[in-house]
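This report concerns only the one structure given below.
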Amino acid sequence: MAQQTFNLEDSRHDLAVVLSTGYEGEVNDAQCIFCHPPRSHTLRIGLWNEAQAENLFDYPYDRQTEEAPPGKPDGSSLVCLGCHDGTIALGDVLSRTQSISNGSGIKHSDLSDGHPISFLYDANLLDKNDELEDPKKLTQQARLDTANKVQCTSCHDPHDDTNGNFLVMDNSATTLCVTCHKKAGWDTSSHNISSAVWNRRGLDPWPFSDLRGPVAEHGCSNCHTPHTAGNGKYLLNYNIEEDNCMACHNGNVAASDINADFNKISHHPVEQTAGIHETDEAIFLNAADRHVECIDCHEPHSANAVEANRAPVTLNNVRGVDVNGGEKTEISMEFELCFRCHGDSPGKDAMPTPRLHDQNNVRLQFDNGNPSFHPVVGPGNNSNVPSLIAPLSENSTIACSDCHSSDADSSLGGKGPDGPHGSIYRSLLIRAYQTQDRTPESPSAYALCYLCHDRNSILGDESFEQHRLHISDNSTPCSVCHDPHGISSVQGNTINNAHLINFDTSVVFPNNGGDLEFEDRGSVSGSCSLTCHNFEHDGLSY
Amino acid sequence: MTVAGQFSSYAMRSVLCFVVMLVACVPVLHGPIDQKETAGPVWPASPSRPRLAFVMSFSGTEDLGIRKNFLQQLRELIGGPRQVRLVRPVAIVESSDNKLFIADPGVRGVHRFDLERGRYQLIQGENGQPLPSPVALAAGLSGEVYVTDSRLAAVYVIEPGKNEAVRVPLEALLARPTGLALDGPSGRLYLVDTGSHEVKIFARDGALLKRFGRRGTGPGEFNYPTMIWMSNGGEILVSDSMNFRTQVFDSAGNFLRKFGEAGDGAGHQAQAKGIATDSNGHVYIVDSMMHAVQIFDPSGTFLFKLGFRGEAPGQFWLPAGIFIGERDRIYVADSYNGRIQVFRYVGGNSP
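The listed protein sequences derive, respectively, from chains A and B.
According to the working numbering, the stretch in the first sequence is residues 841 to 1382, in order.
According to the working numbering, the stretch in the second sequence is residues 32 to 382, in order.
As structure tokens, this is what we get:
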């Protein structure tokens, strides 16, 4: 260590009993010997060693060029850990069991409860993690040791406590961290630049920090901590993934109370799993690893306020699946994010309503080659939808979150938060959508449908001359005849499954002839063969 | 460890063995450890007379032949095979009922290995609260084991048959408690408080009986004392770490003698931690900066330095605690090698 500054006196690293004042001219040896033992000038041979064969001198703290086995501290860090072991100084600095730079790659390494040390920071490491600064550019205070390894001394200067915690530089806004860590999108991320402050309600969002300024001041330490992390894998403050987000996104720092939405009856179940998510996990997980965490939809290092206001909503730097089922490293359409878990991935629940053609792969349901589909991946194929409320038209497209979002979504006049975090309506719907048979018709029973489809038009029988009879007079929900997502071309056809017709088989049964089908006969014309509400439809046409 | 208590229980068991013949006694007691005592290297190297023999090292349940119980097997069916591994062991003790306890901040708890019954248990605080910084252990006469947590600044007791460590109510404020020794018969706890540079003596009921030492360099004064040991003769040995010396007191805390000086060479003390004595009174001092165990005679004359930084038998990586049990079994908590190394003193009675 060749630090120039020595400012030990009265710092916590001044362990001398007699403080240095009065030691003029002695370079304060008394302060040094705790980490730099004085050289033993006499060769001392123990009495048990009858043959004086070996040189018994050992200078362990000077050796830093050799390669330590994986996971073991070496170099000057050995001196630090000698005291920071929970006795002379509190430990909690390192207890990992694997190397950061071994063959399995950086992202799966267990960092246990502390930032790794004693690893080579070289081109090989950059190959495994492209979000690190080129070590050749590390010319600032944060430095590698002579063997090009990160050591305790990369972040801490044990001789100078000017910056607090013996840091090598001022770390407000975690400028020390970003010396090495170059996360995509960080410069414009709200987590880096937001001026939001804690409103002093609820739990302290930053219990591991002395800082009390805005989010921008905390930077990386909004979520991460270099020592004694709650989650070893990513050095997160808390072991439970969503706890790291909810500390601020509970209305007390960030404006929206996302946490409240996750307490609603229908929500993405982030609380059901812990410790499964990996940043580099496969695009389709096997059923046993199925999970959802905040970070499956949001990339926290590049998340910002702009993305949430984009329409259609797309999030920065998150992975998804395109209309053909292929992986996208960064989504460009919202549905691509939803398709990842609700499309081809295994282990999905069945849809809540049993149908003639059951399908729980929403990518297949929305395919624009289908006989009918809601216009999510592209405009629909029905050129005559008289109920549509302007400015919607037959050429419009909608997003998943137009139907699946918080009941408090601001697009409908609520106070937010927007998006499909949670809703008081089941299936994470933005408005009520009754599917129980014999539901009396009302604006609220089918509020979801009536957002786009004018109730007066529907009940005025503009598109189907028996709508009022079915919905109002006979209290039949929309969902008994219509399958809201769409009918895959794999299962249905344009004759029997136009107009999103795919019957609820808990309500609609075959007729006496064994038939259960709708038949499209062109514009506002068709026929039904089925039994419903004990009423025989034997090719009833309109 | 104890002292007179250790001594008497050893004596009693020896008598028992003699009565019922040797057959059953030796293999049962620490079978996996005692059966291996002949293999492995010895120190010092030839032609010097061997004093220390390597017995074994272990890093987890498999090394100790501990089979999995039904519940563990069931868990592995679901979650895949898992063996219990030591992460960063810093202290070890044999309990009077023949279990091994290992303090491991890496798992935020204490490992308990029951070698006789092949059982394992991770022990944490009440209701599964982690022990973030367990640094020292001491065993009582009834199978109970005490553990110091320096971060929680408290001493906990693990009663036999119990799976959690319960806080011991001590009548004193503790700054940063670390080293712990126990006088078995009296139940007195000798607790080093590194943060206040003193040793506190507590009665079995937690009453503070005495405190000795203060910050300084004079006899009986300390600068960051850490580990403590009570010898068979009832002497209290303290690693006065940042004074680079060992101090010896009588059981009442009266200063008797000191030895050691700063330096990086063998026989000096750079960073003294764990300390223990064998049945001959040899003093074993773990030096974490030297990655070694150094051995002195009772007066402080340097006898031998075992080890340097490495992973082979007899080498260490920031070793921390030491414990010497019956039959001079020497356990060293080899922290960053994630293992316990076991040696035996084989040098006889000569000095």
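Glycine included, each C-beta is placed from N, C-alpha and C at the ideal position.
All values derive from a computational prediction rather than experimental measurement.
Coarse secondary structure for residue i, derived from DSSP in three states
i                 : result
SER1365 (chain A) : coil
ILE1098 (chain A) : helix
HIS1131 (chain A) : coil
LYS912 (chain A)  : coil
ALA307 (chain B)  : strand
VAL1110 (chain A) : helix
PHE1375 (chain A) : strand
VAL178 (chain B)  : strand
GLU1357 (chain A) : strand
GLN1276 (chain A) : coil
THR927 (chain A)  : coil
ASN1336 (chain A) : coil
GLU202 (chain B)  : coil
GLY1187 (chain A) : coil
LEU921 (chain A)  : helix
TRP74 (chain B)   : strand
VAL118 (chain B)  : coil
GLY1209 (chain A) : coil
THR1014 (chain A) : helix
VAL1146 (chain A) : helix
First and last residue of the uninterrupted alpha helix (DSSP H) at residue i
i                 : result
GLU1261 (chain A) : Before going on, a small fix: residue 1261 (chain A) reads as His here, not Glu. Run containing HIS1261 (chain A): none; DSSP gives neither H nor E here.
LYS336 (chain B)  : It is not in any alpha helix (DSSP H) - LYS336 (chain B) instead sits in the beta strand (DSSP E) that spans 333 to 337.
GLU1082 (chain A) : 1081 to 1086
GLU1057 (chain A) : 1055 to 1058
ASP962 (chain A)  : Here ASP962 (chain A) belongs to no alpha helix (DSSP H), and DSSP marks it neither H nor E.
ARG276 (chain B)  : Run containing ARG276 (chain B): none in the alpha helix (DSSP H); it sits in the beta strand (DSSP E), 276 to 280.
Within chain A, partners of residue i - CB distance below 8 Å
i                : result
THR332 (chain B) : LEU887
ASN158 (chain B) : Going along chain A, no residue has its Cβ under 8 Å from ASN158 (chain B), so there is no contact; the nearest lies around 17 Å.
ARG246 (chain B) : VAL857
VAL121 (chain B) : ASP925 and GLY926
Where residue i meets chain B, residues with beta-carbon distance less than 7 Å
i                : result
PHE874 (chain A) : MET273
GLY922 (chain A) : GLN302, SER319, MET320 and LEU349
LEU918 (chain A) : LEU349
C-alpha gap between residue i and residue j, whole angstroms
i                 : j                 : result
HIS1307 (chain A) : CYS1178 (chain A) : 32 Å
TYR187 (chain B)  : LEU883 (chain A)  : 43 Å
HIS1373 (chain A) : ILE1098 (chain A) : 42 Å
ALA353 (chain B)  : PRO136 (chain B)  : Per the sequence shown, the amino acid found at residue 353 (chain B) is Ile instead of Ala. Going by the C-alpha atoms only, they are around 16 Å apart.
LEU337 (chain B)  : HIS1138 (chain A) : 54 Å
ASP1198 (chain A) : CYS1321 (chain A) : 13 Å
ARG143 (chain B)  : ILE189 (chain B)  : 10 Å
SER1096 (chain A) : ALA1069 (chain A) : 26 Å
LEU978 (chain A)  : SER958 (chain A)  : 17 Å
GLN300 (chain B)  : MET1009 (chain A) : 34 Å
VAL857 (chain A)  : ALA1143 (chain A) : 51 Å
ASP1001 (chain A) : HIS924 (chain A)  : 16 Å
ASN285 (chain B)  : THR1015 (chain A) : 53 Å
Extent of the continuous beta strand (DSSP E) run through residue i
i                : result
LEU240 (chain B) : 239 to 243
ASP271 (chain B) : 267 to 271
TYR315 (chain B) : 314 to 318
ILE371 (chain B) : 370 to 376
ALA212 (chain B) : 208 to 214
ALA150 (chain B) : Inspection of the sequence shows that residue 150 (chain B) is occupied by Arg rather than by Ala. 150 to 156 is the extent of the beta strand (DSSP E) around ARG150 (chain B).
SER262 (chain B) : No beta strand (DSSP E) contains SER262 (chain B), which DSSP labels as neither H nor E.
TYR187 (chain B) : 185 to 189
ASP252 (chain B) : Going by the sequence as given, residue 252 (chain B) is Glu instead of Asp. That residue, GLU252 (chain B), is in no beta strand (DSSP E); it is neither H nor E in DSSP.
TYR362 (chain B) : 360 to 365
LEU220 (chain B) : 219 to 224
LEU83 (chain B)  : 83 to 89
Residue i: contacting residues in chain A (beta-carbon distance under 9 Å)
i                : result
ASN311 (chain B) : What ASN311 (chain B) touches in chain A: nothing, since even the nearest Cβ is about 12 Å away.
Beta-carbon neighbours of residue i, restricted to chain B and to distances below 8 Å
i                 : result
GLU890 (chain A)  : PRO75, PRO78, SER79 and ARG80
ARG1130 (chain A) : Result: empty, since nearest Cβ-Cβ is about 16 Å, beyond 8 Å.
Partners in chain A for residue i, counting only beta-carbon separations shorter than 7 Å
i                : result
ASP224 (chain B) : Here the premise fails: no neighbours, minimum Cβ distance about 11 Å.
C-beta neighbour in chain E for residue i, strict 8 Å
i               : result
GLU93 (chain B) : Here chain E cannot be found, since the structure's protein chains are A and B.
- prompt: Per the contact definition of three or more C-beta pairs closer than 8 Å, is the segment 972 to 986 of chain A in contact with the segment 1014 to 1027 of chain A?
  reply: yes
query: So does the segment 1229 to 1237 of chain A actually touch the segment 1341 to 1359 of chain A, counting three or more Cβ pairs closer than 8 Å?
result: no
- prompt: Would you call the segment 1293 to 1312 of chain A and the segment 1156 to 1163 of chain A touching, i.e. three or more CB-CB distances under 8 Å?
  reply: no
task: Count the C-beta pairs between the segment 368 to 378 of chain B and the segment 79 to 89 of chain B that are closer than 8 Å, then say yes if the count reaches three, no if not.
output: yes
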